[in-house]
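Novice: Before anything else, here's the structure in question.
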Amino acid sequence: QKNGSGTPVTPVFNNMTNEYYVELTPGTWILNYTLSETEQLWEEIEVGDDDFSSVYEFYTSQVVTGTLYYNENIDENLVDENKTLEFVPIVFYWDDFSTTVETSSNGTFSLVLPQGTLVDAVTQLGTNLKLVNGTQFTVNSDMEDIVMVARPGQSITGIISINRADNYYNSNVGGWESATVVAESLDYDVKWRAQTNDGGTFEMVLPKGNWEFSVISEDFTSGTNTTNVDNNNDTVEIIIYPVDSILSVDFFLDNSGDNNISNGTPVNYDFTLISLINGLDYQIDIDNSSWDGTGHADVSVEPGIYRISVEISDVNQGDLFGTRIMTGDVDFQVGMDSSTIQRSIGFDPEWRVSMTFTNESGGPLSEQLVRLTNVENGWILSRTTDINGSVVDFIAQGDWIVTTETVNDGVKEGLRTLITSSSDITSEELQMSTTQLSEVSFTLTEDDSGSALSGISLSLESADGLGAFSIEATNSTGFASNDLVTGNWVVSLNYTEDGKRWIVDDYSLAVVPGSDNHYNLTANLFVALTGNVFWDLNDNNASNIGEGISEVNMEFSNDLLPLIPIDSDDNGDWELFVPANTIWSINTSYDGFENVQESVSVSNVSNEVLLELTAGLVDVSGNISYDLGISSIPLEDIIVSIIPTAGLVREAVEPVLNSSDGVWSGEWSAQLEPGLWIVSASVPNQDLVIMGLLDVDVVDGGTLEMELTRGGLLDVTTEWLDYDGISRNIGEINDSNVVIDIGFGMKWIQVVDETGTLSLLLPNGNVQFSGDFDVEQRGISMEYMAGLGVDIYSGQESPILNLLYNRISNHDISIQTLNLTSGDDSYVGSMSDVNLVENETDGFVPVEFTLEVEYLGHESYDLYTVGGAISGSDGSDWTLEFNNGSGDWNTSTQFEVGLDNSLMFNDLNIRVTPANQSVAHSFDDGHMVTIIVSTQDGYQETHELIVRVPQIHGFVSNPMEEVYGVAPGELIIIPIEFTNSGNGDDKFEFGFDDSELPDGWSRTGPTSHTLGGFVSTTHSVTVVAPDVDNDEQFTIYVTPTDKAGNTYENIEINIMSSHPILKIENVQSRGGGEPVAGGQITYVATVSNDGLVDAEQVELVATLCNDVACNNPTSVSALTILDVSAQSETLFSFLFDLSDITTAPYYLVLEINSSVFGEENVDDSNWNEVDGIMIGSKNVDVRSPAVSDDESTDWIPYLLIAGLVIIVLYLTKSKSRRPGAPF
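Each residue of the sequence shown is one higher than the one before, counting from 98 in my numbering.
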């Protein structure tokens, strides 16, 4: 292919048509063929998706020769004929073609080129030698040998990028192809070329100088890179500019989950195209011009690999629908060829729903559990209201039933209403209010017995379209109740258990508060009439696996009720519920089987009826051929028998054989019951045999064609050893037989004689023998099994096969509890079920069990190992010990039983020591103690004991704060942190004494909490203050009560109305720095809040002033906004930019926005002590800047040198000698 991509392909020549044939992939290909030194073919071919043919002509060509020399001196023009380059490639370029030849061992080259072409010959010797030459010439008949001299050049590494730097054009880009890079210089006629690799890079060796680099392509525009190639510049990046593609994408709520926008709801939402190959990301916001109508955007995208990313919408930020992507492919690739990419992104259909809940008095239901039930599929969503009683969330599109219940001033209130989540309500604020609930009660009895029905849940359905649900089960008197909202309701029952069904037809109720809402309901008893329709293949008068008949039509009739038709299922089973104490007639109908009629009297319990169908005899026939050089077979020599397959218990049938003059014709016929049969034919005196499988249809019977073949003889003996080791055969066992399987479904039961042997003539192939039987020995039924295979060869008599039956090991035991010690005598359980008794050391009295093991196996001696496990999360803290009568307690033990030992072991002692009371949990079902008795070969038997820990109740609460503050018009959620110090699940009810609650204040929150033993949690109480600024202080008393009725110490919640009390404590510069004119400085101020409530959005204003009262402020100021929690301090930092400030004394003044918190609650003028007086400002001296590092200090050394010179001159200055001086 062009540009060197792909592998060269050689066409195939057809001598008949004188044409060449070739298969090519789509793209641009170069066709080249040199016929002779004067004729050559060069053509560029565009290959598309369709086949084509064409005729091409040869060009007049000639041989071009030359020599490649080298010279290391770039400035020397001489040619040293001794310096040739051997085996070096030279690339010749002309028009749109190129070819490469390699120099010979003496540096010469020769090639055929078309006449009249202008050729660039280029050689580049790589990054090591860095020799390069480019020579341009015209091919003509008068040309001389080409002389090329390679001289030193510079190595260049380059890369191609798309649209901008570092956005590489490589094989990760769709439609990537190797590109041709061209380097041109005004100093050379030759153009240097290089191909890019799959990483988008290329390499060249070029002479020094200024070069322009560009990319040759018809698919995109190339930029130009001009580089001075020298020792310093060795990298080049060329930018190409392909035409962008269009991403055409649809966004919609996928209502059907099929990614089909035609049945969805188009929507607009911000999205991002994220580059997966370090390219450009595209952020398309809602106002972007790429949007073309609702839900559709056309985005111009450069080549690359992208992912469509949509941020999850936020209902609290005003979004009206959800944006979780449910369907559609979010990844796509943009190639170099401009195209349109289609994508369809389906969101999970969810819409904004805003609901506010109030009680009947108009108070908000804060922290209230609200449930939404989907009308279509029953899904339940649970949401909790905020402090304003609101729920704002995305809810899946569709109809939802909203429910909640609460208690207001001791009155049960509730809500049940229907909403539709759709685009129509996204901007609505739904207001919902609870109303008083009515207690509706029922007493349920049975029509058959007149007795109360307990443990059954009635169904209630709103006749006003508000859904259906089941109420709590009836108690022992058949009583059940439920709190309902006012409206029309329908109660019904359709409950099935243990083959009984109780039905209460729809009964309408009109529920109104204050009226008598008790109803007596009678349930009609229906019982299950079940059974199976079967064909008794194994003749045991019972329905077994594989014998059931499907789609049998049955009609049930009764004198008082209409006829009921049903069909049996795939297994032949059927079920019908009919009124109790009725009589029914059953009639069956099924092709090929006799009809059955049966009368059934139904009582008040389920009834099972087995319906056995009998198939009639059908005609079967067949033909057995023989072509082994046998002209005929006398009738008396042939043995033909039809045998039932294993599992089909029928007698073998001798067919009728057709003959003529005493010679068998090969045809046979018989009448059989439907099923699978084996047709067996043999001629023993000629060792001929054949067996075939015949599937007899219940209507059409069947035929079978077979051909006799030569078989093999096999004698089989049987053997088994009795319990005393004496050898016997299975002929001594009543009704003994062997199962023979020759494959292909042909498996039958072969009866053996009293000798336990078989003599068989069988077809060639593998045969499997198996069998089993039970025999009583030592007063116990013991099972034996055998299995063996052998290959049968034609014309051969196989060695005698001994089928040995082995006794199956049996370690069965039975375990029961004989006795137990300790335990609570008042608890009525069983020997295996005990309730623990507390001891005096915060623990429980250990309990011991005595187990009896009865041996049911048939081994002489059996050794068993005993271990166990205790269930529950605290099971590891219990101790389980065993004693086999030796008196030693261990974590495991062993004992022996067996036929030659003892059949009973009644001294297996178990001791269970519970964990102490601070760890042991009380479970409703108790702790399961599993005793595991096992043998070494894997047998295992378990016995379960139940040890119940009595429940201990306890409640421990953490200390409350001394007082809780609430600002006017605000609320506070007060946590009651407590622990269920008891050992079991408990439900704590919280009673509230609100008698001190002032007018306008309210207290809300849940009134109960359920949690497990030893678990800690938090119960929340919400207190709302009126929007009135008055001084109030009061106490709410909370009384916890557990499910056993135990009451615990009151919890006091002290509450007072409060405000934030803010004070500036101090201010200092960060890091202790000083302000400098023209610089910057950061200050940190400490602001305290001594109030009981948080201060939100505290604004601290800092100003640099010319005077202490800040009557003349500078232009420098800063604002910092932070929250200050109650009873805490917060650091406010602010930056002063002193660019326009000159050196002088100033004052730092701080101020808090008292208009929000009240002047009486803000102290911002007493944070700096001056001469014993607290003021609200601080003196700040702005100093001059130090010498800058950027200022020139070069003069300093010169100054120092000059000073040193003066000192030296002074010290060495000539003076007159003193008298008497030596010199």
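Glycine included, each C-beta is placed from N, C-alpha and C at the ideal position.
Give, in chain order, every unbroken run of the beta strand (DSSP E) that is at least 3 residues long and sits entirely within the stretch 782 to 863.
Specialist: List check, beta strand (DSSP E) in window: 785 to 793, 799 to 804, 809 to 818, 834 to 840, 843 to 848 and 854 to 859.
Novice: Which term fits Gly-475, buried or exposed, when burial requires 16 or more other beta carbons within 10 angstroms of its beta carbon?
Specialist: Gly-475 is exposed by the Cβ-count criterion.
Novice: The alpha helix (DSSP H) that contains Phe-1254, what's its start and end?
Specialist: Run containing Phe-1254: 1251 to 1254, per the alpha helix (DSSP H) assignment.
Novice: In the structure shown, what three-state DSSP assignment does Ile-522 receive?
Specialist: Of the three classes helix, strand and coil, the one that applies to Ile-522 here is helix, per DSSP.
Novice: Does DSSP put Arg-1167 in a helix, in a strand, or in coil?
Specialist: Note: Arg-1167 maps to helix in three-state DSSP.
Novice: Regarding Val-229 and the ligand NAP, is the C-beta to nearest heavy atom distance less than 7 Å?
Specialist: Ligands in the displayed structure: none, and consequently the ligand NAP is not present.
Novice: If we ignore side chains and look at the alpha-carbon of each, how far apart do His-955 and Tyr-961 end up?
Specialist: Cα to Cα, His-955 sits roughly 14 Å from Tyr-961.
Novice: Thr-947 and Asn-1006 - do their beta-carbons sit closer together than 8 Å?
Specialist: A contact, by the Cβ cut-off of 8 Å.
Novice: Would you tell me roughly how many angstroms separate the C-alpha atoms of Asn-269 and Phe-1229, rounded to the nearest one?
Specialist: Looking at the two C-alpha atoms, the distance is approximately 51 Å.
Novice: Residues in its own chain within less than 6 Å of Val-601 by CB, not counting five upstream and five downstream?
Specialist: Ser-589, Leu-590, Leu-618 and Ala-620.
Novice: Taking the beta strand (DSSP E) that Arg-598 belongs to, which residues open and close that run?
Specialist: Unbroken beta strand (DSSP E) run through Arg-598: 597 to 608.
Novice: Thinking just about the alpha-carbon of each residue, which of Asp-355, Val-398 and Leu-350 is nearest to the one in Thr-369?
Specialist: Nearest C-alpha to Thr-369: Val-398.
Novice: Within the continuous beta strand (DSSP E) that includes Cys-1202, where are the two ends?
Specialist: 1192 to 1202 is the span of the beta strand (DSSP E), which, as asked, contains Cys-1202.
Novice: What residue range is occupied by the uninterrupted beta strand (DSSP E) comprising Ala-883?
Specialist: Note, Ala-883: beta strand (DSSP E), 877 to 889.
Novice: With DSSP as the reference, label Val-427 as helix, strand or coil.
Specialist: The answer is coil: DSSP assigns Val-427 none of H, G, I, E or B.
Novice: Assess contact between the stretch 1135 to 1152 and the stretch 1076 to 1094, defined as three or more Cβ pairs (one per stretch) separated by less than 8 Å. Is contact present?
Specialist: A contact exists between the stretch 1135 to 1152 and the stretch 1076 to 1094.
Novice: Looking at C-beta atoms only, is the number of pairs between the stretch 803 to 812 and the stretch 878 to 889 that lie closer than 8 Å three or more?
Specialist: Touching, yes.
Novice: If contacts are defined as beta-carbon pairs under 8 Å, then Ala-1223 and Asn-1258 qualify, I think. What distance do you get, rounded to the angstrom?
Specialist: In fact, because the Cβ distance is near 13 Å, the residues do not count as touching under 8 Å.
Novice: Could you tell me the alpha carbon to alpha carbon distance between Asp-172 and Pro-1282, rounded to whole angstroms?
Specialist: Each residue's alpha carbon lies about 60 Å from the other.
Novice: So the candidates are Leu-996, Arg-747 and Val-795; which of them puts its Cα closest to the Cα of Ile-877?
Specialist: The shortest C-alpha separation from Ile-877 is found at Leu-996.
Novice: Of all Cβ atoms in chain C, is any one closer than 8 Å to the Cβ of Gly-719?
Specialist: In the structure shown, chain C does not exist; there is a single protein chain.
Novice: Grab me the residues of Asn-755's own chain with a C-beta within less than 6 Å of its C-beta, minus the 5 sequence neighbours each way, in chain order.
Specialist: Closer than 6 Å at Cβ, skipping near neighbours: Ser-762 and Glu-764.
Novice: Going by C-alpha distance, which of Val-702, Leu-165 and Ser-345 is nearest Trp-177?
Specialist: Contrary to the premise, residue 177 reads as Asp rather than Trp in this sequence. Nearest option by C-alpha distance: Leu-165.
Novice: Please classify Asn-998: does DSSP put it in a helix, a strand, or coil?
Specialist: Reduced to three states, the DSSP call for Asn-998 is coil.
Novice: Among the residues of its own chain, which have a CB less than 8 Å from the CB of Asn-456, if the five just before and after it don't count?
Specialist: Excluding positions up to five away in sequence, the list reads Leu-462, Thr-503, Asn-505, Glu-510, Ser-530 and Thr-531.
Novice: Determine which residues share a DSSP beta bridge with Lys-180 and list them.
Specialist: Lys-180 is not bridged to any residue.
Novice: Just to confirm my understanding: we take Phe-189, look at its own chain, exclude 5 residues before and 5 after, and list those with CB closer than 6 Å. What are they?
Specialist: Once the five neighbours on either side are set aside, the close Cβ partners of Phe-189 are Thr-196, Val-216 and Ala-218.
Novice: Return the residue from the list Thr-200, Val-185 and Gln-212 that minimises the CA-CA distance to Val-160.
Specialist: The shortest C-alpha separation from Val-160 is found at Gln-212.
Novice: So what does Ser-668 bridge to, in DSSP terms?
Specialist: First, the residue type needs correcting, since residue 668 is Asn and not Ser in the sequence shown. None, per the DSSP bridge assignment.
Novice: Could you give the uninterrupted runs of the beta strand (DSSP E) lying entirely in the stretch 1012 to 1086, keeping only those of 3 residues or more?
Specialist: Complete beta strand (DSSP E) runs here, min 3: 1024 to 1031, 1037 to 1045, 1052 to 1054, 1061 to 1063 and 1068 to 1077.
Novice: Compute the Euclidean distance between the alpha carbons of Tyr-592 and Trp-586, then round it to the nearest angstrom.
Specialist: Near 19 Å, if we compare the C-alpha coordinates of Trp-586 and Tyr-592.
Novice: How close, in whole Å, do the beta carbons of Asp-1261 and Ile-1161 come, if the pair is a contact with beta carbons under 8 Å?
Specialist: That pair is a contact at about 5 Å.
Novice: Closer than 6 Å by C-beta to Leu-1189: which residues in its own chain qualify, once you throw out the five before and the five after it? Chain order, please.
Specialist: Result list for Leu-1189: Gly-1062, Ser-1155 and Ala-1223, in chain order.
Novice: Under the three-state reduction of DSSP, which class applies to Ser-762: helix, strand or coil?
Specialist: Note: Ser-762 maps to strand in three-state DSSP.
Novice: When you compare the stretch 661 to 678 with the stretch 643 to 651, are there three or more beta-carbon pairs, one atom per stretch, that lie closer than 8 Å?
Specialist: Result yes; three or more Cβ-Cβ pairs closer than 8 Å.
Novice: Can you pull the DSSP bridge partners for Thr-324?
Specialist: Answer is Trp-308.
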